[in-house]
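For what it's worth, the working numbering labels the leading residue of the sequence shown as 273, then goes sequentially. Backbone N, C-alpha and C fix where the C-beta goes; we use that ideal spot for every residue, glycine too. Predicted model only: the values in this text are computed from it and were never measured. Below is one structure, written out as structure tokens; the observations come after it.
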Amino acid sequence: MSVENVMTLEKKKGFTLIELMIVLAIIAILAVVLIPKSQIFKNNSKNAGVTTNVNTVRGYLETKVTNNGGADSYLNAATLKTAIASNFSLDSSTFVPTGSSSSEQLVNPFDKTKASVAVADKSSGATNNTVDTVETSASDGADGEVVIYVCKDGYVVFGVDKGGDLTQTFKVK
Numbered sequence: 273m274s275v276e277n278v279m280t281l282e283k284k285k286g287f288t289l290i291e292l293m294i295v296l297a298i299i300a301i302l303a304v305v306l307i308p309k310s311q312i313f314k315n316n317s318k319n320a321g322v323t324t325n326v327n328t329v330r331g332y333l334e335t336k337v338t339n340n341g342g343a344d345s346y347l348n349a350a351t352l353k354t355a356i357a358s359n360f361s362l363d364s365s366t367f368v369p370t371g372s373s374s375s376e377q378l379v380n381p382f383d384k385t386k387a388s389v390a391v392a393d394k395s396s397g398a399t400n401n402t403v404d405t406v407e408t409s410a411s412d413g414a415d416g417e418v419v420i421y422v423c424k425d426g427y428v429v430f431g432v433d434k435g436g437d438l439t440q441t442f443k444v445k
């Protein structure tokens with residue numbers, strides 16, 4: 273090997289400016305494509321948290337109704353508010369989690385400082401709603417809340433997701 277070839281080999285260490293610019297361009301393109309999608313995935317996971325909270329409340333109500341002889345004899349709206357707050361470690365007036373985080377708490381997945389449950393009494397009035405006739409409305413709850421309607425013959429449970437849309441509605445009789 274000649275001295276010239278050895279010198280040439282020693283100078284070819286590292287990356288050229290063009291190679292670095294190509295790598296940076298690829299990273300920039302990936303960032304532009306993936307970063308906006310991360311917010312979608314984040315909201316989808318939080319919406320799944322709302323669904324989990326709805327299923328938790330539904331399971332609680334089904335258990336209580338079964339153990340107490342039916343929805344007619346179980347809870348009115350005022351008593352239900354107290355029972356939900358007590359069983360899920362929530363403030364009884366605001367339904368915001370109290371104290372330190374625990375596995376029994378219902379937490380609003382979109383904002384931990386906001387209510388996670390809303391209870392509305394639909395059992396009286398001119399319409400005298402039943403679980404089969406009550407009209408559900410997202411205006412009865414805010415993003416991330418589980419809404420419970422107390423009807424004359426049971427409960428209607430649903431959640432409100434980030435877009436203000438209702439999750440699946442469950443009827444507990």
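query = Which word fits ALA297, buried or exposed, when buried means at least 16 other C-beta atoms lie within 10 angstroms of its C-beta?
reply = Label assigned to ALA297: exposed.
query = Are three or more beta carbon pairs between the segment 429-443 and the segment 318-338 nearer than 8 Å?
reply = Yes, the segment 429-443 is in contact with the segment 318-338.
request  = State whether the segment 359-369 contacts the segment 381-391, with contact taken as three or more CB pairs (one from each stretch) at a distance under 8 Å.
outcome  = Verdict: yes, contact present.
query = Thinking C-alpha only, which one of ASN316, THR288, LEU333, ASN380 is nearest VAL418?
reply = Taking only the C-alpha atoms, the option nearest VAL418 is ASN380.
query = Looking at LYS394 and VAL422, is the spacing between their C-beta atoms short of 9 Å?
reply = The Cβ atoms of VAL422 and LYS394 lie closer than 9 Å to each other.
query = Can you tell me the Cα-Cα spacing of LYS336 and ALA303, whole angstroms?
reply = Each residue's alpha carbon lies about 50 Å from the other.
request  = Enumerate in chain order the residues of its own chain whose CB-to-CB distance from THR366 is below 7 Å, with the five nearest sequence positions on each side excluded.
outcome  = Closer than 7 Å at the Cβ level, and outside the excluded window around THR366, lie ALA387.
inquiry  = Using a 10 Å radius around the Cβ and a threshold of 16 neighbouring Cβ atoms, would you call ILE356 buried or exposed?
reply    = ILE356 should be labelled buried.
ASP433 CB to nearest heavy atom of the ligand FMN below 8 Å = Among the components of this structure there are no ligands whatsoever, and the ligand FMN is therefore not found.
Where GLY426 falls: helix, strand or coil (DSSP) = Residue state, collapsed to three classes: strand.
query = Considering only residues of the same chain and omitting the five flanking positions on each side of THR408, which have a CB-CB separation below 8 Å?
reply = So the list reads VAL419, TYR421, VAL428, PHE430, LEU438, THR441, once near-sequence residues are dropped.
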